[in-house]
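S.K.: Residues in the sequence shown are numbered from 29 upward in steps of one, following this note's numbering.
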Amino acid sequence: MSLKKIGITVLALIAIFLIYTIAFTEKGIKPIQPEATVPSLDYSALSEEAAKDLQAYIRIATIRGREKEGALFLKSVLDKRGIPSRIIEYPGKPDRASLLAELKGKDTTKEGLILTSHIDVVEADAKDWDVPPFSGIRKGDRIHGRGAVDVKGLGIMQLYAFLLIHENKIPLERNLMFLAIADEESRSEYGARFLVDKHKEIFNGYEYVWNEGGTGSKDIAIQGSKVFNIQLAEKGAVWLDLKAKSIPGHGSTPPVSYAAKSMVDFLQEVQNIGNKTMIKDETAAFFYSLGGISNFPDSFVLKRSRNPLLFIILKGVINSNRHLRAMTRNTVSLTGIDSHPIGMNVITSETTGSLDIRILPGQDEKKIFEEVKALGEKYGVEVSARHLESGSISPMDGLLFRVLAGTVTAVEPGSIATPFLSPGTTDSSYLRQIGLKCYGLIPALLSSEEIDGIHGKNESMSIPQLKMGIEILFKSIIEYNHQVAK
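#1: Would you check if there are 3 or more beta carbon pairs closer than 8 Å linking the region 473–485 to the region 414–432?
#2: Pick from Ala433, Tyr234, Leu342: whose alpha carbon is nearest that of Leu141?
#3: Identify which residue in Thr137, Lys180, Leu69 has its Cα closest to the Cα of Ala79.
#4: Pick out whichever of Asp366, Lys308, Thr379 has its Cα sitting closest to the Cα of Leu352.
#5: If you draw a straight line from the alpha carbon of Val512 to that of Val237, how long is it in whole angstroms?
#6: May I have a chain-ordered list of the beta strand (DSSP E) segments no shorter than 3 residues that lie completely inside the region 173–242?
#7: Compute the distance between the beta-carbons of Ile116 and Leu223, then report whether it is under 8 Å.
#8: What are the partner residues of Ser420, as DSSP defines its beta bridges?
#9: Using the Cα positions of Ile506 and Ile60, report the straight-line distance between them to the nearest angstrom.
#10: Determine the extent of the beta strand (DSSP E) in which Lys394 is found, giving its start and end residues.
#11: Report the rounded CA-to-CA distance for Gly264 versus Ile385, giving the unit in angstroms.
#12: Alpha carbon to alpha carbon, what distance is there between Lys331 and Gly320?
#13: I need the DSSP call for Leu495, collapsed to helix, strand or coil.
#14: Can you round the beta-carbon distance between Tyr188 and Leu74 to whole angstroms, since I take them to be within the 8 Å contact cut?
#15: Taking Lys246 as the reference, give the member of Ile500, Glu478, Gly497 with the closest Cα.
#16: How would you write the range of the alpha helix (DSSP H) that Tyr71 sits in, first residue to last?
#17: I'd like the ranges of any beta strand (DSSP E) spanning at least 3 consecutive residues and lying wholly in the region 314–375.
#18: When the distance is taken between beta carbons, is Leu428 closer than 8 Å to Met185?
#19: Return helix, strand or coil for Ile479, following the three-state DSSP convention.
#20: Identify the continuous beta strand (DSSP E) that holds Phe448 and give its terminal residues.
#21: Considering only C-alpha positions, which residue in the set Val266, Ala354, Leu338, Ser322 is nearest to Lys304?
#22: With which residues is Asn257 paired in a DSSP beta bridge?
#23: Rounded to whole angstroms, how far is the Cβ of Asp107 from the Cβ of Asn239, which I believe are closer than 8 Å?
#24: Which same chain residues, not among the five before or five after Asp293, have their C-beta less than 7 Å away from its C-beta?
#25: Could you check what DSSP says for Arg166 in three-state terms: helix, strand or coil?
#26: Leaving out the 5 sequence neighbours to the left and right, which residues in its chain are closer than 6 Å to Lys271 when beta-carbon positions are compared?
#27: Can you grab the Cα-Cα spacing for the pair Ala530 / Thr363, in whole Å?
#28: Can you grab the Cα-Cα spacing for the pair Ala472 / Gly241, in whole Å?
#29: Quick check on the DSSP output: the alpha helix (DSSP H) that includes Ala99 runs from which residue to which?
#30: Taking the beta carbon of Glu255 as the centre, do at least 16 other beta carbons fall within 10 Å, making it buried, or is it exposed?
#31: From Ser2 to Ser377, what does the alpha carbon distance come to, in whole angstroms?
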């Protein structure tokens, strides 16, 4: 073949590749633009009333317990409006209680919608906070306290939307449930797992769940952006305990192999499990959505995240951001290591450790456990499973997801909605196991500082955020019922 023909062939191949690159784009989401007629309400006044209830709710220090006190508070609010509710206690632990209330729809047999949040909160060290963490103090337009964002704020938003449906006599096509659950922060044994196992009947006739897991954010992904990250998937967990044993010795004459060194060598290699970047449909749609508010050339790359050439560029961005790495990889975190030291010059006979491996939906948790276990044998490290849980996912074209995506952008002009894969787990992982389609969103725009307050210090929520959340929830419930009636 002549050089001319070779040149023409190369140019043709380059042209084909460029055409493919330009033409090929990922698929975005398909929001449903609101169509339903919604009553005109004074959301500012409602949010002021809701703020007082949020303050009272925060003051009940439900730190991995005392959920019944929180449930009784929520019940008192429902009682005042004449809405019956039910408290379900965990057998033998009456303090670990959940609450549910229902508004019946025309058809009670299918497509019901559950608004759920958890009552418990994590610990808060008062010395790290600017205000006492369980005081529920209001400063200006902001309520401070543990649980303000995670997730008593969401619980109050959902409660008020639920009350508004009742008080405005909104006709419901399908059942609507308000469900406040115990024990989410400690793997849900006394809450969601108990309800799914022993009270599965309460979910009969329901299809969709609005839970936590995603948040609205401003100025985080892109400066000036307003993004509602709607969680539709979450990673699974492979929690492992590690143990290495060997003969003890003198620190001055180390053997080739001993317990602590074996553990370190093992831990170095096991981290390779998290080296592979995987962009699934939901993550590709997430990048596509961000591409819609990005400038060129970022927009071009983000909308084509799985293009082989452009992926090389995007991978560098992913590698530099821990949140994006968590969304696109199985991650391995060393959460404990202890060689049980007894002296600076003593090599001890035992080293223990723990690993928190988070796996993407579709990955086999048992297979990964066996892979790590086999690697442990290579280094003389015993690996045992403390908890194995698969990832979970709900459909991106689910009706509730599409309604949420349309409603949030209508309520907050200039915002976008994205599908979001959560690195952490919520009660949705257990509710999905019984066939419920779960989506997570705190429907308010949070700053980076406010998001960092989750499980951190100085957690707070503003009255305008409560207002936005109540409005989005109320309008979404009405729109959802409008759509199922079509």
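Glycine included, each C-beta is placed from N, C-alpha and C at the ideal position. Given the structure is predicted, the values throughout are model-derived calculations rather than measurements.
M.R.: Straight from the coordinates:
#1: no
#2: Tyr234
#3: Lys180
#4: Lys308
#5: 15 Å
#6: Those beta strand (DSSP E) runs which fall completely within the region 173–242 and span 3+ residues are 204–209.
#7: yes
#8: Glu262
#9: Rounded to whole angstroms, Ile506 to Ile60 spans 13 Å at the Cα level.
#10: Where Lys394 is concerned, there is no enclosing beta strand (DSSP E), although the alpha helix (DSSP H) around it starts and stops at 393–407.
#11: 8 Å
#12: 8 Å
#13: Reading off the sequence shown, one finds Lys at residue 495, where the question assumed Leu. Three-state DSSP puts Lys495 in a helix.
#14: Rounded, the Cβ-Cβ distance is 6 Å, consistent with contact.
#15: Glu478
#16: 71–86
#17: 359–366
#18: no
#19: Ile479 carries a helical assignment under DSSP once its states are collapsed to helix, strand and coil.
#20: 444–450
#21: Ala354
#22: Thr446
#23: Incorrect: roughly 25 Å between the Cβ atoms, too far for contact.
#24: Tyr407
#25: strand
#26: Thr380, Glu410
#27: Outside the shown range of the chain, which is 29 to 514, sits residue 530, and nothing can be said about it.
#28: 13 Å
#29: 95–108
#30: At residue 255 the sequence reads Val, which differs from the Glu that was named. With 16 or more other Cβ atoms within 10 Å, it is buried.
#31: With the chain running from 29 to 514 in the structure shown, residue 2 is simply not present.
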